Amino acid sequence: MTTTHRRCAANQAYMHARSDHRSTGEHRAGNPGLGSTEEGTPVGIVHLAAEYGWLARTGGLAEAVSGLASHQAAEGFPVAVVIPLHRSVRSNAPGLERVAGPFTVQIGSRVEEARLFRIPSKPGTPKIYCVEHSYFDRAGIYGEGGKDYADNLQRWSFFCRAALELLPRVTRSPCVLHCHDWHTALAPVYLRTYHRDQPFALGVRTVLTVHNAGFQGHFPPEAMPEIGLPWELYTWEYLEWHAQVNLLKGGLKFADAVTTVSPTHAHELRTPVGGFGLHNVFLWLGDRFSGIVNGIDTCEWNPATDSQITARYSTADLSGKARCKAALQRSFGLPQRRRIPLFAMTARLTHQKGLELITGEYTLFMLEAQFIFLGTGDSRYEQMLKMYESRWPDRISVHLGFSERLEHRLMAGADIYLMPSLYEPCGLAQLRAERYGAVPLARRVGGLGHDRGRRDRVPVRRVQLRGPAAGRPACDGPLSLHAIVGGGHAGRDGARLQLGTVGGAVPGGLSPHPRPGPSTMSGPMDFVLALHSHLPYVLNHGRWPHGSDWICEAALDTYLPLLLELEALEHDGVAAPITIGITPVLANQLQSPDFVTEFEAYIAQRLQTCADAPASLAETGDGHLLPLVGFWERRITSLRDLFRRLEGDIAGAFRRLEERGRLELIACGATHGFLPLLGRDDSIRLQLKLGRAEHRRIFGRDPDGLWLPECAYRPRGPWAPVPEAPGRGTRAGIEEHVSEAGYRYFFVDSHLAAAGPAFD
40 MTTTHRRCAA
50 NQAYMHARSD
60 HRSTGEHRAG
70 NPGLGSTEEG
80 TPVGIVHLAA
90 EYGWLARTGG
100 LAEAVSGLAS
110 HQAAEGFPVA
120 VVIPLHRSVR
130 SNAPGLERVA
140 GPFTVQIGSR
150 VEEARLFRIP
160 SKPGTPKIYC
170 VEHSYFDRAG
180 IYGEGGKDYA
190 DNLQRWSFFC
200 RAALELLPRV
210 TRSPCVLHCH
220 DWHTALAPVY
230 LRTYHRDQPF
240 ALGVRTVLTV
250 HNAGFQGHFP
260 PEAMPEIGLP
270 WELYTWEYLE
280 WHAQVNLLKG
290 GLKFADAVTT
300 VSPTHAHELR
310 TPVGGFGLHN
320 VFLWLGDRFS
330 GIVNGIDTCE
340 WNPATDSQIT
350 ARYSTADLSG
360 KARCKAALQR
370 SFGLPQRRRI
380 PLFAMTARLT
390 HQKGLELITG
400 EYTLFMLEAQ
410 FIFLGTGDSR
420 YEQMLKMYES
430 RWPDRISVHL
440 GFSERLEHRL
450 MAGADIYLMP
460 SLYEPCGLAQ
470 LRAERYGAVP
480 LARRVGGLGH
490 DRGRRDRVPV
500 RRVQLRGPAA
510 GRPACDGPLS
520 LHAIVGGGHA
530 GRDGARLQLG
540 TVGGAVPGGL
550 SPHPRPGPST
560 MSGPMDFVLA
570 LHSHLPYVLN
580 HGRWPHGSDW
590 ICEAALDTYL
600 PLLLELEALE
610 HDGVAAPITI
620 GITPVLANQL
630 QSPDFVTEFE
640 AYIAQRLQTC
650 ADAPASLAET
660 GDGHLLPLVG
670 FWERRITSLR
680 DLFRRLEGDI
690 AGAFRRLEER
700 GRLELIACGA
710 THGFLPLLGR
720 DDSIRLQLKL
730 GRAEHRRIFG
740 RDPDGLWLPE
750 CAYRPRGPWA
760 PVPEAPGRGT
770 RAGIEEHVSE
780 AGYRYFFVDS
790 HLAAAGPAFD
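Right, here's the structure in full:
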């Protein structure tokens, strides 16, 4: 998929821009968006972004914006790009020309001064404009040392206001203003509030592209006057989100059209787990929201013509690939071993990129393989990779930095490209790797799961790396990956992918299984593995260990991780025939507002413990435990974020999974009463009836199965209770009551099963 294709699709998104607006941001169905003026002149396009191409870059955003803008300009559209004048822009574009300024920009009570510069451009290329202010004369774009700049709210609100003030200087009206990510999301808001009555603004239509919804621009409520917006916009309909100001949400509400970088990710963003807390907003957008696959510049990323690599090569002559690999090993200080597999990864070193899947598996680096990591990011990942490099210098090389030339050489020399992202809206690196014959090994998330018309991809459920760590002798041969395809059985679906010098060749007979449909639980069960977790039902009552810490701990360690894994299996198309029993008492606890409040406090307490740990460990001399603290901090933070994305509704998340056929929920007695010892049959019937009704109320359907409290079972027979209990004589077996209540099956320990007959 080339960037040209994305340009065409992006123009289709422009055509969805609506022309009629209210100042509140509501959208009416209006005239289609603009592709050309009535005279046939192409409409101007202005891209507003925090990064761009080679000028200022931290990740894929810069390349995505520059690729799109460049191809639009090459097709004859008048294209302009407005970015901040970062320090890196000054060093990378020495020929800056002042266009305007100084001029003043007012945001709320602040009055700022700015200047506009232009980078000389050639015909058929975008005109690049830079907004100058001391806000951007810094070493980083968003922050330094792994921390955001404290004044990011002021920086990006100023940039959006300044860009709109300058818009008449960089294009004519009518035009399309294409904003990218949360840093520019205030521009559509300002356009329909500050500028709504200005003649120029009436001819401007806005498109907002969400490259990464994991970053939204959250700020406290006091941000409203700081960014110059009225308090009436601080509501759930517009910028308010969980008692915070959410800049991305504001942009989504006010933009005329919204896109993201792949159709798969567009679907993910409409789900509670994949929508980062904004899934309802993405659903609300309706047909104004679309996913358009990103692409790369196939002229720039072409090993047959690339001037930045050691030797050029193509599918007709792959000899240059081996020379590129040897040069890469040499320049990164690794032994030049032709047949040993070389893994490579270039990315921002952040949690999103799945670094725990790499750094957490240190045995990976004990294999007879080599690894090169290129990038910068969180200090904890940088330190961990550097530690591994010092331990295995002949297998691991880490370069904490980035340059386009290094990335070209990395793609040309690598055998396998690692992309273990936890989520990846689209991803460009895997496309470059494919062009250079490096096999991408990626998780099936977002754009990484989009097949782009390819038929030679194999979904891998498990990767087993065979080498010295597995008790095998070292060998100077290819690394063997054992893939279990489509979630099937190893004996039927196992296959070897031999990844050698140039990359992998998938055997022709190997093909993925069709994506399974919704799982069903109606078949016979010969074996049941039951995992039983017990909780007292004393929500918000008493102190540990008899208070609600129990349910908070269970939610953190069991329910939320389980939801994550079930969503991942669903996304991979893997049937998960799993049955989950949630008692009515537990379901009611999970739905209680008190639980949501308590859980947030519980999480905050755990995170504070992590924050206090470094000082405490330093005092005790246990600094070697810091990586463990970091692991728990990241895990707890990610699960807290999931809880917020679900809006605290854990029971609802399980319900939605069942509605999509991914699992089965079963019920229990109303209050988990021990049925065999209840003195009256009426009590048993009431437990089962009320439990079933409460399950229906919370989960929306009658359960087929029942979890007997404590798996306790009593067959039909004589009943001899304590003398004072009523109901002496023969009583019905538990299975009779269960069948009468409408259940189809229940679980019982095997040594009790022989005591009573089965029922139909």
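Going by our numbering, the first residue of the sequence shown is number 40, and it counts up by one from there. Every residue gets a Cβ at the ideal spot worked out from N, C-alpha and C, and that includes glycine. Source: prediction; values computed, not measured.
- Assignment of residue 285 by DSSP, reduced to helix, strand and coil, places it in the strand class.
- DSSP, reduced to helix, strand and coil, places residue 713 outside both helices and strands of the structure shown, so it counts as coil.
- Going by DSSP, residue 659 is part of no beta strand (DSSP E) but of the alpha helix (DSSP H) stretching over 632-659.
- Per DSSP, the beta-bridge partners of residue 123 are 170.
- Burial state of residue 663 is exposed, judged by a 10 Å Cβ sphere holding fewer than 16 other Cβ atoms.
- Our two residues, residue 220 and residue 85, have alpha carbons roughly 15 Å apart in a direct line.
- The straight-line gap separating the alpha-carbon atoms of residue 669 and residue 420 is approximately 10 Å.
- By the CB criterion at 7 Å, residue 313 and residue 247 fall outside the cutoff.
- Taking C-beta atoms under 8 Å as the contact rule, residue 224 and residue 317 fail to qualify, at a distance of about 12 Å.
- The residue among 626, 298, 452, 726 with its C-alpha nearest the C-alpha of residue 325 is 298.
- Burial check for residue 150: the Cβ neighbour count within 10 Å stays below 16, so the residue is exposed.
- For the pair residue 234 and residue 211, the Cα-to-Cα distance works out to about 16 Å.
- Contact annotation, residue 153 with residue 122: C-beta distance approximately 13 Å; criterion of less than 8 Å not satisfied.
- DSSP places residue 427 inside the alpha helix (DSSP H), whose first and last residues are 418-430.
- A distance below 7 Å separates the beta carbons of residue 704 and residue 697.
- Excluding five sequence positions before and after residue 753, the CB atoms of its chain that fall closer than 7 Å to its own CB belong to 715, 772, 773, given in chain order.
- In the DSSP secondary-structure assignment, residue 128 is not bridged to any residue.
- Residue 159 counts as exposed, since fewer than 16 other C-beta atoms from the protein chains shown sit within 10 angstroms of its C-beta.
- A straight-line Cα-Cα distance of about 12 Å links residue 94 and residue 134.
- No Cβ-Cβ contact shorter than 7 Å links residue 776 with residue 748.
- Residue 398: member of the alpha helix (DSSP H) spanning 394-398, first to last residue.
- In terms of Cβ geometry, residue 147 and residue 265 form a close pair [threshold 7 Å].
- Sequence-distant partners of residue 371 (beyond 5 residues in either direction) whose C-beta falls short of 8 Å from its own C-beta, in its chain, are 411, 436, 438.
- According to the DSSP assignment, residue 214 belongs to the beta strand (DSSP E) that extends over 214-219.
- Spatial neighbours of residue 665 in its own chain (CB-CB distance under 7 Å, excluding positions within 5 residues in sequence) are listed in chain order as 653, 656.
- In chain order, 361, 364, 365, 540 place their CB closer than 8 Å to the CB of residue 377, counting only its own chain and leaving out the 5 sequence neighbours on each side.
- Under the three-pair Cβ rule at 8 Å, the region 384-396 counts as touching the region 452-463.
- Distance from the Cα of residue 279 is smallest, within the candidate group 428, 758, 258, for 258.
- Looking only at 452, 281, 321, the smallest Cα-Cα distance to residue 348 is reached by 452.
- Taking a cut-off of 8 Å for Cβ pairs, the region 124-141 and the region 168-176 touch, as three or more such pairs fall below it.
- Boundaries of the beta strand (DSSP E) harbouring residue 84: 83-87, taken from the DSSP string.
- Residue 734 counts as buried, since no fewer than 16 other beta carbons sit within 10 angstroms of its beta carbon.
- Among the bridge pairs identified by DSSP, residue 437 is matched with 412.
- Burial state of residue 322 is exposed, judged by a 10 Å Cβ sphere holding fewer than 16 other Cβ atoms.
- Burial state of residue 713 is exposed, judged by a 10 Å Cβ sphere holding fewer than 16 other Cβ atoms.
- A contact between stretches requires three or more CB pairs, one per stretch, nearer than 8 Å, and the region 235-246 fails this requirement with the region 95-107.
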